[in-house]
Each structure stands twice: as C-alpha cells, then as structure tokens.
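All remarks here apply to the structure that follows.
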Amino acid sequence: MSDIAANLKSLNERIASACQKAGRKREDVNLLAVGKTKSIAAITEAANAGIEHFGENYLQEAESKIDALPEAIWHFIGGIQSNKTRSIANRFTWVHTLASAKIARRLSDQRDENLGQLQTLIQVNISGEATKQGVTPEVALELVEQARDLPGIRLRGLMAIPEPTSDVERQRANFASLRQLKDEISETFDTDGFDQLSMGMTADFEAAIMEGSTWIRIGTALFGPRQ
Ligand SMILES: *Cc1c(COP(=O)(O)O)cnc(C)c1O
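What follows is the structure in structure tokens.
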C-alpha cells in the first residue's frame, strides 16, 4: 500500500471512531483532501485510493491539478481576490471562503449557468483574531441577507479556521459557536439547504466531528507534512 493509501486507511478509522463517539452517521461527515503544495502525482494517488473531494487554496496551483483530474470534485478554500472570481466560479463546484457581498455578486454573475449553482460557504472568524480571514458573526448574518437570492450561487453553510489550540475543550467551544451561528441563520432566514459546516483540520477534526462538522479539511494527516 502507498503512504497515502495507508494514511487514508488510518484516517478513515479515526473518522469512524469519532462519528461513533459523537453518535453521528459516518456518511454525514465528508472528507476534503487539502492538497496545497502537493504534486499532481500525490493528488492522483489520493484519487486512486478513493478520495473524491479535493480542496485548494491557490487558484494558479489548483488549475493544473484540476486539468489533470477533471473528474474529481474541486473546492476552493483560499482567500478570494476580485480578479480571480471568474475562474473560481467556473472551475470549482464548492467555495468555502466567501467573505464579502461584492465577491458573492461576482461569483454569481460569472458562474456559467450550465454548471448549476456554485455551492458556497461563508467563512467566519469565530476566534476574533485580527489576522484571520472571514467575517464576524454579525456580518455573516448580513452577508446571508445580501447573497441568498443571487441566482448563480447557493448558500450552503459556514466555514471556519479557529485559533490553533491543543485544548480539546477550547476546540469544541469554537466549533460549537460556528454550529450555533449556522442554526441561528437557518432559523432567521428561510434558507433551504443551509446545513453544511466546514470545520476541522488534521489537529482538531475529532473535536469538529463532535460538534457537527460535515466537511473536515485534511492535508497533513493524508499527504504528510508540508515543506
Ligand atoms: C492547509 C489547510 C487545511 C489543512 O490543514 P492540515 O492541518 O494540514 O490538515 C485545511 N483548511 C485550510 C483552509 C487550509 O489552508
């Protein structure tokens, strides 16, 4: 077995046991393989091992990988600049990092109708760190109001990268606050399908599963450390 296939096997065991502990169905937690800095060969190996969903942070790096594996499902998980929205809108199926009404309008306008709606998550800064991307919880509510009727995108939920901490109770509290915000938004607006939570990475995905994550974004545990 290759390293990546072996990593996937042990990762799947950890995901299954976290789901069991959380009393959740395994199929409700999706694995997004994060391939930033990793080669097309590594991504191909992961696809051959059975991974269907891939996340990329940088458009330029993503494009050659998407060309090499067009049958995979691609998710954009990096910061979005206005001059990149056309490619992001059309080369990806999901975007996890929506953080402004202007970008929402551009993605919606530029998405090719034949592709169907772009599945979109709003990135929220739940730890209040000045350096992190994402909107505050208050602005997330405004952004839902502004973006929910745009025809080219469909709002599906929230994403966060909380402050790194090895304290599992803190990890869980941060993830719980994202879940509560998602619930508040679903109750406030009539947003059908606003049910996705993109949260949890290599260091904290088990806590995220405990708090309702539907997309864990995993790089290191699958592909090994980045240089
Ligand atoms: C790099 C990255 C990940 C994966 O991080 P690991 O700790 O390597 O699992 C997940 N989400 C985002 C947004 C990232 O940039």
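Residue 6 is where the sequence shown starts when you use this note's numbering, and the numbers rise one by one after that. Each residue gets a CB set at the ideal place from its N, CA and C atoms; glycine is no exception. The model shown is predicted, which means the values in this text are computed figures rather than measured ones.
{"Check": "Which residue's Cα is closest to the Cα of ILE45: THR225, ALA67 and VAL34?", "Outcome": "ALA67"}
{"Check": "Is it the case that the segment 172–184 contacts the segment 111–122, given that we only count it when at least three CB pairs across the two stretches are under 8 Å?", "Outcome": "no"}
{"Check": "Among the residues of its own chain, which have a CB less than 6 Å from the CB of GLY139, if the five just before and after it don't count?", "Outcome": "ALA104, GLN128, VAL129 and ASN130"}
{"Check": "What separation, rounded to the nearest whole angstrom, lies between the Cα atoms of ALA11 and THR42?", "Outcome": "20 Å"}
{"Check": "Which value, in whole angstroms, describes the spacing of the CA atoms of SER171 and GLU150?", "Outcome": "35 Å"}
{"Check": "On the three-state DSSP scale, how would you describe GLN232?", "Outcome": "coil"}
{"Check": "If you drop the 5 nearest sequence neighbours on each side, which residues of the same chain put their C-beta closer than 8 Å to that of ASP33?", "Outcome": "CYS24 and THR219"}
{"Check": "Going by beta-carbon coordinates alone, are ARG161 and GLN201 separated by less than 8 Å?", "Outcome": "yes"}
{"Check": "Give the secondary structure of LEU163 by DSSP, where H, G and I count as helix, E and B as strand, and everything else as coil.", "Outcome": "strand"}
{"Check": "Go ahead and pull the three-state DSSP assignment for ILE85.", "Outcome": "coil"}
{"Check": "Can you have a look at SER22 and say buried or exposed, based on whether 16 or more other CB atoms are within 10 angstroms of its CB?", "Outcome": "exposed"}
{"Check": "Going by the C-beta, is THR225 closer than 7 Å to any heavy atom of ligand 1?", "Outcome": "yes"}
{"Check": "Using DSSP with H/G/I as helix, E/B as strand and the rest coil, what is ALA181?", "Outcome": "helix"}
{"Check": "Taking all protein chains shown into account, decide if ARG31 is buried (16 or more other Cβ within 10 angstroms of its Cβ) or exposed.", "Outcome": "exposed"}
{"Check": "For ALA208, count neighbouring C-beta atoms within 10 Å of its own C-beta (all shown protein chains included) and say buried if the count is 16 or more, exposed if not.", "Outcome": "exposed"}
{"Check": "Give me the residue from SER15, GLY229, ARG29 and ASP154 with the minimum Cα distance to ALA213.", "Outcome": "ARG29"}
{"Check": "Just checking my contact of ASN101 with SER203 at CB under 8 Å: how many whole Å lie between their CB atoms?", "Outcome": "A quick correction: the sequence has His, not Asn, at residue 101. The Cβ separation is near 5 Å, so the contact holds."}
{"Check": "Just to confirm the assignment: which complete alpha helix (DSSP H) runs, minimum length 4, are found wholly within the segment 90–157?", "Outcome": "90–96, 106–115 and 142–152"}
{"Check": "Use the C-beta contact count for SER7: other C-beta atoms within 10 angstroms, 16 or more gives buried, fewer gives exposed.", "Outcome": "exposed"}
{"Check": "Quick check: is any heavy atom of ligand 1 less than 7 Å from the C-beta of THR207?", "Outcome": "yes"}
{"Check": "With DSSP collapsed to three states, give me the class of GLU216.", "Outcome": "coil"}
{"Check": "Closer than 7 Å to a non-hydrogen atom of ligand 1 - does that hold for the CB of VAL233?", "Outcome": "Coverage of the chain is limited to positions 6 through 232, which leaves residue 233 absent and any answer about it impossible."}
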